[in-house]
Structure formats: C-alpha cells, structure tokens
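Scroll down for the structure; my scribbles are underneath it.
Protein chains: 4
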Amino acid sequence: MLILKLSCPDQPSIVAKIASYVASHNGNLLEFNQFTNSIDSKFFARLEIDTTELDVELDSFIKGFSVLGEALKADWHFREAPFKLRTAILVTKTTHCLNEILWRVSENDLPLEITSIIGNRDHCKTIAEKEGIPFHQIDMDGDKKDQGFQQIAQILRDENVQLSILARFMQILPDWFCGEFSGKLINIHHSFLPAFIGANPYRQAYDRGVKLIGATCHYVTSDLDAGPIIEQEVKRVLHSHSPADLMRLGRDCERIALARGIRYHAYDRTIIDGNRAIVFED
Amino acid sequence: MLILKLSCPDQPSIVAKIASYVASHNGNLLEFNQFTNSIDSKFFARLEIDTTELDVELDSFIKGFSVLGEALKADWHFREAPFKLRTAILVTKTTHCLNEILWRVSENDLPLEITSIIGNRDHCKTIAEKEGIPFHQIDMDGDKKDQGFQQIAQILRDENVQLSILARFMQILPDWFCGEFSGKLINIHHSFLPAFIGANPYRQAYDRGVKLIGATCHYVTSDLDAGPIIEQEVKRVLHSHSPADLMRLGRDCERIALARGIRYHAYDRTIIDGNRAIVFED
Amino acid sequence: MLILKLSCPDQPSIVAKIASYVASHNGNLLEFNQFTNSIDSKFFARLEIDTTELDVELDSFIKGFSVLGEALKADWHFREAPFKLRTAILVTKTTHCLNEILWRVSENDLPLEITSIIGNRDHCKTIAEKEGIPFHQIDMDGDKKDQGFQQIAQILRDENVQLSILARFMQILPDWFCGEFSGKLINIHHSFLPAFIGANPYRQAYDRGVKLIGATCHYVTSDLDAGPIIEQEVKRVLHSHSPADLMRLGRDCERIALARGIRYHAYDRTIIDGNRAIVFED
Amino acid sequence: MLILKLSCPDQPSIVAKIASYVASHNGNLLEFNQFTNSIDSKFFARLEIDTTELDVELDSFIKGFSVLGEALKADWHFREAPFKLRTAILVTKTTHCLNEILWRVSENDLPLEITSIIGNRDHCKTIAEKEGIPFHQIDMDGDKKDQGFQQIAQILRDENVQLSILARFMQILPDWFCGEFSGKLINIHHSFLPAFIGANPYRQAYDRGVKLIGATCHYVTSDLDAGPIIEQEVKRVLHSHSPADLMRLGRDCERIALARGIRYHAYDRTIIDGNRAIVFED
Numbered sequence: 001m002l003i004l005k006l007s008c009p010d011q012p013s014i015v016a017k018i019a020s021y022v023a024s025h026n027g028n029l030l031e032f033n034q035f036t037n038s039i040d041s042k043f044f045a046r047l048e049i050d051t052t053e054l055d056v057e058l059d060s061f062i063k064g065f066s067v068l069g070e071a072l073k074a075d076w077h078f079r080e081a082p083f084k085l086r087t088a089i090l091v092t093k094t095t096h097c098l099n100e101i102l103w104r105v106s107e108n109d110l111p112l113e114i115t116s117i118i119g120n121r122d123h124c125k126t127i128a129e130k131e132g133i134p135f136h137q138i139d140m141d142g143d144k145k146d147q148g149f150q151q152i153a154q155i156l157r158d159e160n161v162q163l164s165i166l167a168r169f170m171q172i173l174p175d176w177f178c179g180e181f182s183g184k185l186i187n188i189h190h191s192f193l194p195a196f197i198g199a200n201p202y203r204q205a206y207d208r209g210v211k212l213i214g215a216t217c218h219y220v221t222s223d224l225d226a227g228p229i230i231e232q233e234v235k236r237v238l239h240s241h242s243p244a245d246l247m248r249l250g251r252d253c254e255r256i257a258l259a260r261g262i263r264y265h266a267y268d269r270t271i272i273d274g275n276r277a278i279v280f281e282d
Numbered sequence: 001m002l003i004l005k006l007s008c009p010d011q012p013s014i015v016a017k018i019a020s021y022v023a024s025h026n027g028n029l030l031e032f033n034q035f036t037n038s039i040d041s042k043f044f045a046r047l048e049i050d051t052t053e054l055d056v057e058l059d060s061f062i063k064g065f066s067v068l069g070e071a072l073k074a075d076w077h078f079r080e081a082p083f084k085l086r087t088a089i090l091v092t093k094t095t096h097c098l099n100e101i102l103w104r105v106s107e108n109d110l111p112l113e114i115t116s117i118i119g120n121r122d123h124c125k126t127i128a129e130k131e132g133i134p135f136h137q138i139d140m141d142g143d144k145k146d147q148g149f150q151q152i153a154q155i156l157r158d159e160n161v162q163l164s165i166l167a168r169f170m171q172i173l174p175d176w177f178c179g180e181f182s183g184k185l186i187n188i189h190h191s192f193l194p195a196f197i198g199a200n201p202y203r204q205a206y207d208r209g210v211k212l213i214g215a216t217c218h219y220v221t222s223d224l225d226a227g228p229i230i231e232q233e234v235k236r237v238l239h240s241h242s243p244a245d246l247m248r249l250g251r252d253c254e255r256i257a258l259a260r261g262i263r264y265h266a267y268d269r270t271i272i273d274g275n276r277a278i279v280f281e282d
Numbered sequence: 001m002l003i004l005k006l007s008c009p010d011q012p013s014i015v016a017k018i019a020s021y022v023a024s025h026n027g028n029l030l031e032f033n034q035f036t037n038s039i040d041s042k043f044f045a046r047l048e049i050d051t052t053e054l055d056v057e058l059d060s061f062i063k064g065f066s067v068l069g070e071a072l073k074a075d076w077h078f079r080e081a082p083f084k085l086r087t088a089i090l091v092t093k094t095t096h097c098l099n100e101i102l103w104r105v106s107e108n109d110l111p112l113e114i115t116s117i118i119g120n121r122d123h124c125k126t127i128a129e130k131e132g133i134p135f136h137q138i139d140m141d142g143d144k145k146d147q148g149f150q151q152i153a154q155i156l157r158d159e160n161v162q163l164s165i166l167a168r169f170m171q172i173l174p175d176w177f178c179g180e181f182s183g184k185l186i187n188i189h190h191s192f193l194p195a196f197i198g199a200n201p202y203r204q205a206y207d208r209g210v211k212l213i214g215a216t217c218h219y220v221t222s223d224l225d226a227g228p229i230i231e232q233e234v235k236r237v238l239h240s241h242s243p244a245d246l247m248r249l250g251r252d253c254e255r256i257a258l259a260r261g262i263r264y265h266a267y268d269r270t271i272i273d274g275n276r277a278i279v280f281e282d
Numbered sequence: 001m002l003i004l005k006l007s008c009p010d011q012p013s014i015v016a017k018i019a020s021y022v023a024s025h026n027g028n029l030l031e032f033n034q035f036t037n038s039i040d041s042k043f044f045a046r047l048e049i050d051t052t053e054l055d056v057e058l059d060s061f062i063k064g065f066s067v068l069g070e071a072l073k074a075d076w077h078f079r080e081a082p083f084k085l086r087t088a089i090l091v092t093k094t095t096h097c098l099n100e101i102l103w104r105v106s107e108n109d110l111p112l113e114i115t116s117i118i119g120n121r122d123h124c125k126t127i128a129e130k131e132g133i134p135f136h137q138i139d140m141d142g143d144k145k146d147q148g149f150q151q152i153a154q155i156l157r158d159e160n161v162q163l164s165i166l167a168r169f170m171q172i173l174p175d176w177f178c179g180e181f182s183g184k185l186i187n188i189h190h191s192f193l194p195a196f197i198g199a200n201p202y203r204q205a206y207d208r209g210v211k212l213i214g215a216t217c218h219y220v221t222s223d224l225d226a227g228p229i230i231e232q233e234v235k236r237v238l239h240s241h242s243p244a245d246l247m248r249l250g251r252d253c254e255r256i257a258l259a260r261g262i263r264y265h266a267y268d269r270t271i272i273d274g275n276r277a278i279v280f281e282d
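Residue numbers (full-length UniProt numbering), protein chains in the order written: chain A, 1 to 282; chain B, 1 to 282; chain C, 1 to 282; chain D, 1 to 282.
Set out below in structure tokens:
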C-alpha cells in the first residue's frame, strides 16, 4: 500500500489527472481525500493506493509520477506502508505523555520505532530502561542550554530520526533547532491554544475561571506555542477544581490530543498550510 | 453548482473515470468525497461540481453521464444548487423540533421550503399560522388512524413533497406508508438508539440510571426505530436529574441531532447502505 | 419554595448553623450545595428550602435569618419560587440568541418575563412584534453612543429590570453602565474565552487554525470580555470549514452556552467570587 | 480526614443533625454533598470532615455517630484518609485497561494497592512481572470454570481484597460469586449500555451503524451487563470506521470510563440505590 500526499495551486482537472495516473498503472484507490482552499486557491490531497496489481515496479510508479507532479507545480510525498517512523521522545519530569506513546506503540496504534528517549532530567529513565529504549540525559541547566540542544540535534541526526515528539519537554527550543527539524517536531501544550500561552497554563486557567480546560498538539515553529495546530481536546471542569485538579484532569486531554496528533502525522494525514494544518481525519 | 451522489459495486478506476468525465466537459471539482466499503465491496461518492465553465448545457452534461453510470452499474443522482426541498413537517404536541427547523430555515441553514405542517393534535397550529404555513390537522385517534395516514399520504402526493420530517410525531407509521415514502422520511427518536426503543425513553433512561442521554436522527423503515442512523447526539446527566429533567435536557439533543441529520440529507451527504447510512459530513 | 444563596468567610460549623436554623422553623432542605474555597478561605452555599410546613410566616423566617447571617459576616439573598425575573434583551442584528431565549421562556425552561427588547438596529423588531414584546430602537451610531446608553439605562430603571442579556449586542458598554448594573448583565461572547477576545473571533479562529470553536457566557465587567465566566461550550471544526462555516456552527455553541448561563443565574445557582463564578450546576 | 457516606429514608432535619454532630466535636466540613430522591423519599449524603481539631478520639467520634445513624435508620460508612484499597484486577487477553489502572495508581490518581492480577490467560503476565505484582493464572476453560471461580474467590478472601476490577475479563460470573462480592465488583463493558449487551459489542455497533460508540463502567450483579452504572463515555465514529477501528477507538472510552468509575468508587463517591448509582462527582 502506498500513501501519496500532495499540495499544489488549484487548477482544473487535478483529481482526474491524479486518479488517471494511478488507474493507468492498475493502482487501486482505497481512500481519496481532497480539500480545496478556495480562499487561497490551493489544492490538497491524500491518497491510499493498493499497489498489489501495479503493472510496473513500485519505484517506477513513484518516479513516473514526477511528470504529473511537476506539471501541477505540486509538493508531493510517497510513503510505502507498512512502515515505522524513527522517532525520538523528548521529556523532562512528567511521564504520562511518554507512557501513552509507549503504550500505543505496543498496541500498534502508532507506527513508530522509538529510537531514543531524551530527557533534561532523569525522571523518565526508569521507564526507558523497562522498555529497553536508550535514554539520553542532557544537562540543559543555566548556560548549558545551547550545548544541550547541540547534543540533542546530534543524536537526532546520528539516529536518522524522522519525528521528534516533545512529550511535556519543558524547554523553549532555539530558532535554529526549530528550523533544522521543521515539520518533524510535534509538541503537546497543556492548554486550549491560543488561550494560556506560556508557563503554568492550568494556574492561568484556574485564575480565569474557565469552565473547560484543554490541550493542543501542534507543530513546533520558532514562535512559541503558535505553530500549526493538529489536534485539540477539552474537558469540563468545575469551580471546585483546584489548580492541582486541573493538572490531573488535563493529563487526559494531553494524552488523547497528543496520541491523535501523532497518529495523523505518522499516517501522512496532515499537510502544513502556512500557520494552519490540514488534517484528513480517519 | 451540481451535486452528484453515486454508489456502485467496487471496481478499478472509478474515481479516475468520474473525475475524467467531469474534467472532459470543463467541470471543476469543488469537493470530492468517496468511501469504499471493503467488507461488502461497494463504492460510494459525492461530488460538488462547479459548472460555470461547462462546455455543454447542464442537461447534456447530466444526461451524458448515463453512459458511465450504467457502465459502472451505479445508482446516481444529480441535484442542481441552489435548491429548496419541498418539505412537510409532521408533529403531535411538542414544539421544540418544529421551532428548530423553522428557525434554521429562516437562517438559511437548511435548504427547505416548508409546504405544510401536519399534526394529529392542534398544539402546533399557532406556530404554523405565525409563520404563514398551511396547517393540516388530521384526526388519528382510535379507528381513524388508517384513514388519517391515507389523508397524510394524499397531502404529500398533492404537494409533491420531497421530504417528510417526523418532528416528534407520536404515531407508528404503517408499512405501506414507510414503503411509499422510503428514503424520504426522517425521524428524531428521543434516545440514543438502539437503547430505549419505543415509548417513554427518558423514563426508561432514568430507570436504567444511565449517565448520558441522547437522541437519534434516522431514516424511517417499517421496523420501528431501526432504520439507518444519520446522526446522534448525547449529553451528560446526573443521578439528581428526574425523568422531567431528562426530558428537558434531551430536547437540546433532539434539536441538534435532527437539524444536522436534515442538513446532511438535504445536501445529499447521505447514502443509505442497507441498514447503515454513509454520511459525508461537512 | 425558597432559594437561599450565601457567601461568607470560612469558619467552623457554618453548615450546622444554617441547616439548624432551617430545621428550627420546620423548613425542609430539598437541595444543599456548598463549596469551600480553601485557597481563599471562603464559603459559598445555595439551599432550596421547602417552606410548606414552616412554623412562622415566610417574612419572619427570612428576617430572622439576619441574626445568623450577620454573625457569619455573610452576604446572602433569599428568593421565593416560583418567580419570573424581569428581563431586557439587548440585540443588534443577529437573531439566533434572541430566538433561543424566547423559545426557552415559552417552554418554561427559563423563569423570565421579557419586559423589552432593545436594539441599536431594527433587525429584531419583527420578532419582538410577533411575540408582543415592546421593541426599543436606540440610535447609537457615531456620537449618539453616550446618549444611547443613557436611554437604555433609563429603560432598565423605568421597567425595574432585574437582568439584562446581551444577546449578541455589538456595542462596548461604558464603565458607568457596567458599574450601575453590575451582576445583572450577562453577555455571550462568540469564542472560547480567553481566546479570541474582541472583534471577529470566528475569523481569528479560522486564521489560527483551531480544531475546536466555542462560546462563552459571562458576567459583564468594565474589562472587555474578561468578566466572570458562567458557562462555555465548544464544537469540533475541520480545516475545510470557512469563516462563514465557523459562524454558522458557532451559533449552536452560543445558543446553548447562553441559555445554560441564564438558567444558572436566574435560579441563583451562580455566585460571583472575584473574577470567577461559582456555579452550582443542576 | 474522614469520609462519611450515608443513606436513609427522607425525614426532617437530616442535614442539620449530621452537620451539628460534626460541629459538636469540632469537626470541620470540607465538602458536603447530598441528594434527596423525592420519587422514592430517600436521602443520600457524602461528607469530607477535617478531623485535625476533633475534641475526641477518631474512634469515639465514629462510634458516637451510631446513636444518630440508628435514629435516622441509616446505612452509613466511615473511611479514614489517606487510604489504599486492597484491589485485585481480573483480566483475560487485552492489556489496555490493566495498563491504564497501573499507570493511574503510579500517578496517585487512584488510591489502590494492587494485591494481585488474576488472568484466565497469560497475556498480562509480563506486565504484572514488570510491575512486581503477583500474577495468578487460573484455567477456566471448559468444565474448569466453576473450579476457577472458586480459586479466584479464595484468592480474594485470602488477600482481604476490598475491590475487584474486571478489566476486560471475558468470563460471565456465577451468581454466588456476584452475591459474595456484591458492591465490590466493578466491570467495564465495551458499549454504551443498555445498547449492545453481551458479546462483540463493537461488531454489533458497526452492524447497527451508530454514530457514537461508548463504554460503561458498572457494578456487577448477577444480571449480565445490567448492574448500576457508575460512568459512561462516548466517542463519535464515522461510516468509514470498520469494526476493528471501533475496537481501537473504543479502547479510549473504556480506559477513561473505567478509571473515572474506579476513582468515584474508591473515594466513596458512589452509593448504590437499587439499580441506579448515586455518584457525587468531583
């Protein structure tokens, strides 16, 4: 099975051309999602193609698409399934997001191979060891922060990591880091963005007296908590909930929003469109 | 703008063929939804086609599709937009579903022309009069029930009604009626089906002590409360809610589920597939 | 039936003292809600008291409570049920919130007597007339704004209005107005506050690419969109929803959040605690 | 801190009497929840009492309550906090509910001490070993079922288990077992009860074409899937979801509903009232 993700300027006959290319080589469309942003005249699509009856080699099929892709002035990307994304998880102290990801990987909910867990504290080390995953502890305190990010970047490069998940990693990323790994960094923020940007969102939520708290899974850009949103989740709260209660209840939002966001990304169901994310939900 | 709804046995190249037909006449696909039921090998699709640049008359475009449609062994249906479905609303005593529909029609949320309101009680007469819609009171008590349904059917035929909405119409429809208007009858049941079929679902829900109540919008078949489900909505309740509270809270579920269900149907976003309804949500 | 709402500094034996006072006069507690804010050491309670067996006149019972109330250094408030709050609805152009309130009043969901509908445009005039409710059109354009608010205030005073609902009233209230009617002004803001304060929240939500939109019912203070929140409601949206879709979908959030917020206020289920609202949900 | 849970026939002055008893010994009410079922004239309450300033020993305070408790013809129960309930988890093959409970115990979300994990298959053995919890594998196939339940009962007795959680334990319990551990058995059923009782609820849900799936946490009685409901959770699904997708998505409902249900039970927030459960949510 092949996944094709594509975006291009809107123009006549895109669907016909793409579907005809697939059909011309005996590919069978299993799923076809498209979205035309009529405000900006852009076209986005995602296809799942059954390739068992292809009349050419998979490589030729993929290469052969270039003629059409270039004619459409498209960005496109093929991925052969099944696959596992080489993934690093960055953590600090809290374990719930890490545990959620590990559990879902073990249930085959998420097509990831966790290559490493990287922490600026050692709280998650035991979990990593239980699962037999390498744990890298990186000192980022005080003036070691820059060097720390250099070390992390090196690990990601060395291990050919395709996706890095900030699973409650409590460090602000430098611009160069966001730039180098652009589109490959997913964060979970513990509020319903754009409300409560920055530190202590549950305390902020308590002080504001909101009746719903939330969590936001988003791509990381150099603009703090402002990257394209992939998924959000909310939960009702009461006046009687203390900031500690909000933190406890919010964990469920964080786990669910992060897990769904990762899944959408991993299966190529997301396309970044400026500051918005197209998400072809399944 | 043209909406095309289609279902057929699954087979190679369907998307390519349909999209190519549209493109061959200079139609522009605004939206393309498809679903392949791999369990039963059936294909379903809905297209929105911008026809402003068509190189043939609309009629020719529609007629010309028959060659492909028949080759695919498809059922299909075109609808030109904008349109208004000629619609009758059947009621008994309660007014909230009726009011919701009328309000949404006035807001252009629902593309309906309400030709008549039909009641076996007169509770909704004042509302009909305020809105300037003909109200037909049909006596269905005791042995007048059969005759009553004959009268209703005659009204629907005379007025060329395309859709009949059972907006808390508290009468069980005879088989011949369900048969004659099959696919054109939408009901709102005041429970989360298949739980609490039949009478007094809120009382049943109270007795069972459920923590969520619901409402179900579905197509009517001769099998009571068992037709294809279009939409469902639920709401949390507490042990402290009496059956009367559930009734009050449930009204919000009923209004929302019914309104959404009607909207999906009216814009041809539903396809009946045996006892299930495909719903291409918007 | 009597509703008692009370707040006071936290101290020993409050519940015992209040419940004993009620019991001492043969009152029967139907419902007792309390909340102790341990962060600020404040106590809040709401009681429903069956007074059919009282051994004194209702007035004496209410007056007699003062001894305890003062000893507790409490703020308190009694209300005899059933009752109807004299209510004004302020509107501009859109009708959905107005319609929702009127419908719920007619269903006895909301214990309000609508004394007047006040609009700075005439879009809601027809609805007011259909319902037989006085409609006051107040010109607030340009330099007539100050005078307009004076006129509105005069209407509220003349009609002894107990509650004013800003049902999508698109004018920023002056400080003196917020001050004079403090605690008696309820607004519906068409976003999930504190996100998207100010104008065009649906456009802001589209631009930010959020996956959930919302509405917030809150008390009005002189700080725009920052008053105590009574109720919030959210709804999932997709990348394919245009700003116009968000506006359409958001209307359902607005109607539900506003209706619930009004209900909580009207039945004395809310207590303002600084910038937060205690809400004893039912 | 002391938790008091109480139910009795409705009668005058209950709250005053209970609160006065607490106050008379210098107890401080932290939280007071009550519910009067006016249909059946029953009274239910739950109190959290700060006992740091009590003027008597805790034991005397608890014993001294008997006079009032008996006068009210009440059932009541005190529990001193903090505490940990001795808990057994019964499993078959699937691990997600087990993992969820273990994770929440480790996060101090659930006040449980897991004394044993009991399985009629060995799929969960590795998890138990990783956590250092004794795993009992009980053969229940064919004619060994009766003997198996005898063995399980013996373990529960030997270990003084206070709560048994059926975390997707795929065996129907015999009547004697339900009777012996009545009120101490919590099950998670993978549907929105009373819909889809019995086997394969996700397949049933697919066949019926519902738009929401759910999970139900309930006390076990000898009547299959019909015990008092503690908590329910639902999730929207689409026509495109296969039975396998429903199973995957449903896992999140199951984990959340089960965890919340256990929490309510463990903190004495539930009172069984015939076939309904009073739940004082926090």
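Glycine included, each C-beta is placed from N, C-alpha and C at the ideal position.
Rounded Cβ spacing between residue i and residue j (contact assumed at less than 8 angstroms)
i, j, result
"D:Glu100", "D:Leu258", "7 angstroms"
"residue 283 of chain A", "A:Ala74", "Nothing about residue 283 of chain A can be read from this structure; chain A reaches only from 1 to 282."
Identity of the residue in the options nearest residue i by Cα
i, options, result
"D:Ala167", "D:Gly142, D:Val91 and D:Ser191", "D:Val91"
"D:His218", "D:Glu53, D:His241 and D:Ile272", "D:Ile272"
"A:Gln137", "A:His123, A:Glu131, A:Ser66 and A:Asp146", "A:His123"
"A:Leu224", "A:Gln171, A:Tyr202 and A:Val105", "A:Gln171"
"B:Pro194", "B:Ile229, B:Val279 and B:Phe43", "B:Ile229"
"C:Val45", "C:His25, C:Ser222 and C:Gly69", "In the sequence on display, residue 45 of chain C carries Ala and not Val. Selected option, being the one with the closest Cα: C:Gly69."
"A:Ala153", "A:Phe135, A:Trp176 and A:Pro134", "A:Trp176"
Below-8 angstroms beta-carbon distance, residue i vs any chain D residue
i, result
"residue 319 of chain B", "This structure gives no information on residue 319 of chain B, because the portion of chain B shown stretches from 1 to 282."
"C:Val15", "yes"
"C:Thr126", "no"
"B:Leu212", "yes"
"A:Asp252", "yes"
Contact test: residue i Cβ vs the ligand ZN heavy atom, cutoff 7 angstroms
i, result
"D:Ser7", "Among the components modelled here there is no ligand, and therefore nothing to report on the ligand ZN."
Test: residue i CB closer than 8 angstroms to a CB of chain A
i, result
"D:Glu231", "no"
"C:Phe192", "yes"
"B:Val22", "yes"
"B:Pro12", "yes"
"D:His96", "yes"
Contact with chain B by residue i, beta-carbon distance below 8 angstroms
i, result
"C:Asn160", "no"
CB contact check: residue i to chain C, cutoff 8 angstroms
i, result
"D:Ser41", "no"
"A:Phe35", "yes"
"D:Leu249", "no"
Cutoff 8 angstroms: residue i Cβ touching any chain G Cβ
i, result
"A:Ile278", "This model lacks chain G altogether, as its protein chains are A, B, C and D."
What residue ranges within the region 74 to 106 of chain A form continuous beta strand (DSSP E) runs of no fewer than 3 residues, ordered along the chain?
75 to 80 and 85 to 91
Unbroken stretches of the beta strand (DSSP E), 3 residues or longer, contained in the region 38 to 79 of chain C:
42 to 50
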